[in-house]
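Here's the structure we're looking at; comments come further down.
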Amino acid sequence: MIKKKTPCHVLGAAAWKTRCLTLVAALVAVATPAHSQESDKSLNYQSSGTTGLMVFDPGLNIDVEPILPLPLTESLNLNPKKVALGEKLFNDKSLSADGKFACETCHLVDKGMTDQKAHSPAIDGKDRDLNTPTMFNIGEMKLLTWSGKRSNLGDVAEAVFKSKKGLAIEMPDLVKRLEANAEYKSLFGAVYDNGVQVENVKDAIAEYMRSLNTPNSRFDKYLRGDTGALTKEEREGYQLFKEYGCSSCHQGVNIGGNMMAPAGIFGNFIKDRGNETTADLGLYNKTGNLGDKYVFRVPTLRNIELTHPYLHDGSADSLEKAVDIMGRYMLGRDLPVSDIDLIVKFLKTLTGEYKGKQL
Amino acid sequence: MQKITKPLLVSLVVIAVATYVYIMVQPGKLALHNKSIDLLRGLMQTNAELNADIVKIRQGALKNYDSLEVNLRKLEQKVDQLKNGEGKIYKLGDSDIDEKLDKLAALIGNKGDQITTFKLHNGLMRNSLDYLPGALNDMYQEELKGENDEVLHRRIEDALRFTIMYTIKGEEKWRRDALAHINWIRRVAVEKPRNLKLALRSFSDHLEVVITSSEKVNDLINTLSDYSTSNTENDLYRSYMNYYDRSLRQGSPYTTVLYALVLLLALYIAIRPLLKKED
Numbered sequence: 239m240i241k242k243k244t245p246c247h248v249l250g251a252a253a254w255k256t257r258c259l260t261l262v263a264a265l266v267a268v269a270t271p272a273h274s275q276e277s278d279k280s281l282n283y284q285s286s287g288t289t290g291l292m293v294f295d296p297g298l299n300i301d302v303e304p305i306l307p308l309p310l311t312e313s314l315n316l317n318p319k320k321v322a323l324g325e326k327l328f329n330d331k332s333l334s335a336d337g338k339f340a341c342e343t344c345h346l347v348d349k350g351m352t353d354q355k356a357h358s359p360a361i362d363g364k365d366r367d368l369n370t371p372t373m374f375n376i377g378e379m380k381l382l383t384w385s386g387k388r389s390n391l392g393d394v395a396e397a398v399f400k401s402k403k404g405l406a407i408e409m410p411d412l413v414k415r416l417e418a419n420a421e422y423k424s425l426f427g428a429v430y431d432n433g434v435q436v437e438n439v440k441d442a443i444a445e446y447m448r449s450l451n452t453p454n455s456r457f458d459k460y461l462r463g464d465t466g467a468l469t470k471e472e473r474e475g476y477q478l479f480k481e482y483g484c485s486s487c488h489q490g491v492n493i494g495g496n497m498m499a500p501a502g503i504f505g506n507f508i509k510d511r512g513n514e515t516t517a518d519l520g521l522y523n524k525t526g527n528l529g530d531k532y533v534f535r536v537p538t539l540r541n542i543e544l545t546h547p548y549l550h551d552g553s554a555d556s557l558e559k560a561v562d563i564m565g566r567y568m569l570g571r572d573l574p575v576s577d578i579d580l581i582v583k584f585l586k587t588l589t590g591e592y593k594g595k596q597l
Numbered sequence: 098m099q100k101i102t103k104p105l106l107v108s109l110v111v112i113a114v115a116t117y118v119y120i121m122v123q124p125g126k127l128a129l130h131n132k133s134i135d136l137l138r139g140l141m142q143t144n145a146e147l148n149a150d151i152v153k154i155r156q157g158a159l160k161n162y163d164s165l166e167v168n169l170r171k172l173e174q175k176v177d178q179l180k181n182g183e184g185k186i187y188k189l190g191d192s193d194i195d196e197k198l199d200k201l202a203a204l205i206g207n208k209g210d211q212i213t214t215f216k217l218h219n220g221l222m223r224n225s226l227d228y229l230p231g232a233l234n235d236m237y238q239e240e241l242k243g244e245n246d247e248v249l250h251r252r253i254e255d256a257l258r259f260t261i262m263y264t265i266k267g268e269e270k271w272r273r274d275a276l277a278h279i280n281w282i283r284r285v286a287v288e289k290p291r292n293l294k295l296a297l298r299s300f301s302d303h304l305e306v307v308i309t310s311s312e313k314v315n316d317l318i319n320t321l322s323d324y325s326t327s328n329t330e331n332d333l334y335r336s337y338m339n340y341y342d343r344s345l346r347q348g349s350p351y352t353t354v355l356y357a358l359v360l361l362l363a364l365y366i367a368i369r370p371l372l373k374k375e376d
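Residue numbers (this note's numbering), protein chains in the order written: chain U, 239 to 597; chain H, 98 to 376.
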């Protein structure tokens with residue numbers, strides 16, 4: 239039997255709210271897997287006390303979480319000799335055209351594998367166009383560089399060696415320099431049957447890059463079942479992170495780094511900032527498609543506490559500011575300060591361990 | 098002494114020839130053939146996994162994009178191995194295989210571009226979908242609290258309902274209706290107090306993002322899940338098997354030699370007693 243519909247004028251704001259929330263729930267459920275709906279039954283709803291956004295302790299089910307824990311370094315099966323050789327190459331300034339730059343110049347371990355500058359200096363005397371992304375966990379990065387290249391780590395290393403803004407040295411010249419160095423010759427000989435070769439240089443650096451793994455962040459421990467690894471506020475921050483939609487782009491093992499996204503959906507962050515540069519055009523510079531203007535790789539949020547300043551142009555000097563900008567341009571609203579604080583608390587749980595030590 | 102040495106030498110030569118011919122008769126590159134077959138089957142399996150993950154992501158059953166990139170990389174690596182690595186089937190003298198492998202490489206490259214666009218639009222859709230429950234709750238707790246405009250309430254509900262219908266069914270009718278309500282809400286919002294105006298605008302904008310993005314995502318899923326890649330993989334597999342069969346048959350001179358050798362030996366054994374009698 240069809241129920242008689244309640245006349246509109248009888249419904250108050252509360253009734254409309256219930257009806258609309260039910261519809262929204264249906265809208266979300268359209269694309270939600272059955273098992274996650276089942277797990278929702280046990281959710282314990284409570285108000286965040288700030289905006290009314292619903293915060294709940296989900297009784298974590300890793301199968302439906304958007305973020306996955308980093309693999310432990312031991313499971314990566316790295317070759318220690320290659321890693322050591324790669325690290326030496328990575329840190330060696332004598333391998334650049336002017337002998338003053340190394341990969342390490344912009345990627346320092348104690349600065350989250352960045353240099354914590356908005357724009358790193360380049361070998362040509364001018365600053366780089368884009369903020370230096372972290373190299374921690376680059377082995378798990380699905381897309382490389384701000385333009386989201388699908389290439390292997392060795393090829394990226396080669397591109398940096400050859401780039402006029404990188405180390406500005408051609409690979410054959412690099413091989414000659416290495417061959418002329420007795421120590422390198424011996425080190426390469428100990429690892430590779432054919433000694434110093436371009437492919438071996440790339441392979442050793444790539445192996446070192448893969449070793450830049452920072453597992454065991456408090457959040458990873460939480461994902462692995464240690465519910466005490468996060469405080470209540472940090473868990474609330476994570477919940478807000480998901481409810482504000484941040485996890486629709488910042489997801490996967492690296493909490494980003496696997497997709498491209500525009501620098502703003504609601505408004506244009508770059509136009510509002512002013513002084514637009516060619517580098518601000520992002521993926522457009524690679525494809526020439528108008529739809530790719532201002533589109534960049536979504537950055538990883540792992541070790542984000544250490545990799546300031548933020549955004550592709552390094553214009554956000556604090557995490558609070560970065561989250562605020564994201565709220566404004568990705569959601570079209572000003573996030574309450576209390577919610578920003580909770581999200582930042584969660585983000586700070588993403589700092590991991592390197593070589594067994596907390597970063 | 099000579100009586101023993103001569104037959105011994107003859108038998109050694111016969112054994113050497115027979116062994117050589119036997120080795121040549123074997124599908125000598127069997128290990129490489131198996132590798133090629135593994136790669137070709139792996140291509141099909143990886144492509145199937147990739148397509149399944151795309152659908153899972155659209156449904157929300159998979160909440161991250163890592164596997165898409167992992168499987169895409171696997172496809173590229175397998176094509177590269179078939180072209181240049183162990184198990185290579187490229188440039189072996191069969192233009193049909195070369196053509197199909199080139200076509201497959203181009204299709205995978207194209208698929209990669211489409212996956213980039215798919216992730217972008219699906220991300221935008223999810224961003225708004227995830228945000229809407231909280232935004233609506235906020236709006237009812239604050240800006241819409243005490244608002245007695247029944248028509249506005251109904252329009253909000255209808256805009257939501259039609260957006261849901263469009264997201265589920267993808268039919269133009271629902272999109273048109275949802276957008277009509279969204280635009281009505283935008284027009285009415287202008288006359289409302291500032292906070293309510295902003296909240297209604299934001300709500301409408303997010304619904305529109307859901308509609309626009311789901312339209313693009315659905316179009317991309319149709320393109321991504323078409324059969325061109327899997328059909329080309331099947332065609333390539335068939336072409337390679339035809340090539341392999343042909344090359345096996347072409348390898349038959351050695352089989353003929355071996356067969357002839359066996360016949361000669363049999364004949365020799367048969368006539369040897371007669372020859373001895375004559376002696």
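Where is the CB? At the ideal position from N, CA and C, for every residue including glycine.
Using a C-beta cutoff of 8 Å, does Val306 (chain H) count as contacting chain U?
On the second sequence, position 209 is the one that residue 306 (chain H) refers to. Yes, Val306 (chain H) lies at the interface with chain U (some Cβ there is under 8 Å from its Cβ).
Check the Cβ-Cβ distances between Asp150 (chain H) and every residue of chain U, and say whether any is below 8 Å.
Here residue 150 (chain H) refers to the residue found at position 53 of the second sequence. Closer than 8 Å to the CB of Asp150 (chain H) there is not a single CB belonging to chain U.
For the stretch 504-517 of chain U, list every residue whose C-beta sits within 9 Å of some C-beta in chain H, in sequence order.
Listed by position, the residues of the stretch 504-517 of chain U near chain H (Cβ gap below 9 Å) are Phe504.
With DSSP as the reference, label Pro370 (chain H) as helix, strand or coil.
For this step, residue 370 (chain H) is matched to residue 273 along the second sequence. Pro370 (chain H): helix per DSSP, three-state reduction.
Less than 8 Å separating the beta-carbons of Leu405 (chain U) and Leu327 (chain U)?
Along the first sequence, read from residue 1 onward, the residue named residue 405 (chain U) stands at position 167. Along the first sequence, read from residue 1 onward, the residue named residue 327 (chain U) stands at position 89. Going by C-beta atoms, Leu405 (chain U) is not nearer than 8 Å to Leu327 (chain U).
Hey, quick one: how far does the beta strand (DSSP E) through Phe534 (chain U) stretch, first residue to last?
Within the first sequence, residue 534 (chain U) is the residue found at index 296, counting from 1. The continuous beta strand (DSSP E) containing Phe534 (chain U) extends over residues 533-535.
Mind pulling the chain U residues with CB within less than 7 Å of Asn331 (chain H)?
By one-based count along the second sequence, residue 331 (chain H) stands at place 234. The contact set of Asn331 (chain H) on chain U, defined by CB atoms closer than 7 Å, is empty, because the minimum CB distance reaches about 25 Å.
List the residues of chain U whose Cβ lies closer than 9 Å to the Cβ of Glu166 (chain H), in chain order.
For the purposes of this step, residue 166 (chain H) is identified with residue 69 of the second sequence, where counting begins at 1. By Cβ distance, chain U contributes Lys380, Leu381, Arg388, Gly490, Asn496, Met497.
Beta-carbon neighbours of Val302 (chain U), restricted to chain H and to distances below 7 Å:
As a working mapping, residue 302 (chain U) is identified with position 64 in the first sequence. Within chain H, the residues near Val302 (chain U) are Lys160.
Pop quiz: Ile300 (chain U) and Leu461 (chain U) are said to be a contact at Cβ under 8 Å. What is the actual Cβ separation, rounded to whole angstroms?
The count along the first sequence starts at 1 and reaches residue 300 (chain U) at position 62. The count along the first sequence starts at 1 and reaches residue 461 (chain U) at position 223. The pair is a contact, with the Cβ atoms about 6 Å apart (cut-off 8 Å).
Tell me, which residues are paired with Gly490 (chain U) by DSSP?
On the first sequence, residue 490 (chain U) is found 252 positions in, with the first residue counted as 1. In the DSSP assignment, Gly490 (chain U) is bridged to U:Ile305.
heavy atom of the ligand PLP below 7 Å from Asn451 (chain U) C-beta:
Among the ligands in the structure shown, none appear at all, so the ligand PLP cannot be discussed.
My output table needs one value for Tyr187 (chain H): the three-state DSSP class, helix, strand or coil.
Here residue 187 (chain H) corresponds to residue number 90 of the second sequence, with the count starting at 1. Coil, per DSSP.
Checking contacts by CB at 8 Å: is Leu281 (chain U) closer than that to chain H?
Position 43 of the first sequence, counted from the first residue, corresponds to residue 281 (chain U). Only weak support exists for where Leu281 (chain U) lies, its pLDDT of 34 falling under 50; the value from the coordinates is given anyway. Not one chain H Cβ lies under 8 Å of Leu281 (chain U).
Shortest alpha-carbon distance to Leu355 (chain H) belongs to which of H:Pro104, H:Thr102, H:Ala113?
As a working note, residue 355 (chain H) is residue 258 in the second sequence. When each option's Cα is compared against that of Leu355 (chain H), the closest is H:Ala113.
Decide if Pro370 (chain H) is buried, meaning its Cβ has at least 16 other Cβ atoms within 10 Å, or exposed.
Indexing the second sequence from 1 puts residue 370 (chain H) at position 273. Around the beta-carbon of Pro370 (chain H), fewer than 16 other beta-carbon atoms lie within 10 Å, marking it exposed.
Measure the C-alpha to C-alpha separation of Asp52 (chain H) and Ala158 (chain H) and round it to an integer number of angstroms.
Absent from the model: residue 52 (chain H). The displayed extent of chain H is 98 to 376, so no value can be given.
Based on Cα-Cα distance, which residue from H:Asp235, H:Gln156, H:Arg170 lies nearest to Gly209 (chain H)?
Start at 1 with the first residue of the second sequence, and residue 209 (chain H) comes out as number 112. When only C-alpha atoms are compared, the closest one is H:Arg170.
Do Asn292 (chain H) and Glu240 (chain H) have their beta-carbon atoms positioned less than 8 Å apart in this structure?
Taking the first residue of the second sequence as position 1, residue 240 (chain H) is located at position 143. Taking the first residue of the second sequence as position 1, residue 292 (chain H) is located at position 195. In this structure, Glu240 (chain H) sits near Asn292 (chain H), with a CB-CB distance shorter than 8 Å.
Start and end of the alpha helix (DSSP H) containing Pro409 (chain U)?
Residue 409 (chain U) sits at position 171 when you count from the first residue of the first sequence. Per the sequence shown, residue 409 (chain U) should be read as Met rather than Pro. Going by DSSP, Met409 (chain U) is part of the alpha helix (DSSP H) stretching over 409-417.
Could you give the DSSP three-state label for Thr538 (chain U): helix, strand or coil?
Residue 538 (chain U) sits at position 300 when you count from the first residue of the first sequence. In this structure, Thr538 (chain U) counts as coil in the three-state DSSP scheme.
Assign Ala115 (chain H) to one of three DSSP states: helix, strand, or coil.
Mapped onto the second sequence, residue 115 (chain H) falls at position 18. In the three-state scheme derived from DSSP, where H, G and I count as helix and E and B as strand, Ala115 (chain H) is classed as helix.
What in chain U is Cβ-close to Asp227 (chain H), meaning under 9 Å?
Indexing the second sequence from 1 puts residue 227 (chain H) at position 130. Within chain U, the residues near Asp227 (chain H) are Val266, Lys480, Glu481, Tyr482, Gly483, Cys484, Ser485, Ser486.
Within 8 Å (strictly less), CB to CB, does Gly520 (chain U) reach chain H?
Here residue 520 (chain U) is taken as the residue at index 282 of the first sequence, counted from 1. With 8 Å as the cut-off, Gly520 (chain U) does not count as an interface residue toward chain H.
Can you have a look at Thr289 (chain U) and say buried or exposed, based on whether 16 or more other CB atoms are within 10 angstroms of its CB?
The residue given as residue 289 (chain U) occupies position 51 in the first sequence. Only weak support is given to the placement of Thr289 (chain U): the predicted model assigns it a pLDDT of 42, under 50, and the value that follows is read from those uncertain coordinates. With a threshold of 16 other beta carbon atoms within 10 Å, Thr289 (chain U) meets it and is buried.
So Asn541 (chain U) and Gly350 (chain U) are supposed to be a Cβ contact under 8 Å. How far apart are they, rounded?
Locating residue 541 (chain U) in the first sequence gives position 303, where the first residue counts as 1. Locating residue 350 (chain U) in the first sequence gives position 112, where the first residue counts as 1. With a Cβ gap of about 5 Å, Asn541 (chain U) and Gly350 (chain U) count as contacting.
Among residues of its own chain, excluding the 5 on either side of Asp150 (chain H), which ones have a beta-carbon nearer than 8 Å to its beta-carbon?
Taking the second sequence and counting its residues from 1, one reaches residue 150 (chain H) at position 53. Correct list, in chain order: Leu159, Ser164, Leu165, Asn168.
Three-state secondary structure (DSSP) at Tyr422 (chain U)?
The residue labelled residue 422 (chain U) in the question sits at position 184 within the first sequence. In the structure shown, the three-state DSSP call for Tyr422 (chain U) is helix.
Counting only the same chain and skipping the five closest in sequence on each side, list residues whose C-beta sits under 8 Å from that of Lys313 (chain H).
Translated into the one-based positions of the second sequence, residue 313 (chain H) becomes position 216. Thr214, His218, listed in sequence order.
Test: Met568 (chain U) CB closer than 8 Å to a CB of chain H:
Numbered from its first residue, the first sequence carries residue 568 (chain U) at position 330. Chain H places a beta carbon closer than 8 Å to that of Met568 (chain U), counting this residue as a contact.
Assign Thr525 (chain U) to one of three DSSP states: helix, strand, or coil.
Here residue 525 (chain U) refers to the residue found at position 287 when the first sequence is read from its first residue. Thr525 (chain U) falls in the helix class under three-state DSSP.
Do you know how far the Cα of Thr452 (chain U) is from the Cα of Asn328 (chain H)?
Counted from its first residue, the second sequence places residue 328 (chain H) at position 231. Counted from its first residue, the first sequence places residue 452 (chain U) at position 214. Taking the straight line joining both Cα atoms gives about 42 Å.
Taking the beta strand (DSSP E) that Met568 (chain U) belongs to, which residues open and close that run?
Walking along the first sequence from the start, residue 568 (chain U) turns up at place 330. No beta strand (DSSP E) contains Met568 (chain U), which DSSP labels as neither H nor E.
Three-pair Cβ contact test at 8 Å for the stretch 523-536 of chain U versus the stretch 576-584 of chain U
The stretch 523-536 of chain U, when compared against the stretch 576-584 of chain U, does not touch it at the 8 Å Cβ threshold.
Spatial distance of Thr260 (chain H) from Tyr548 (chain U) (CA atoms)
Locating residue 260 (chain H) in the second sequence gives position 163, where the first residue counts as 1. Locating residue 548 (chain U) in the first sequence gives position 310, where the first residue counts as 1. In this structure, the straight-line span from the alpha carbon of Thr260 (chain H) to that of Tyr548 (chain U) is close to 35 Å.
First and last residue of the uninterrupted beta strand (DSSP E) at Lys499 (chain U)
Mapped onto the first sequence, residue 499 (chain U) falls at position 261. Looking at the sequence shown, residue 499 (chain U) is not Lys but Ala. Its beta strand (DSSP E) spans residues 498-500.
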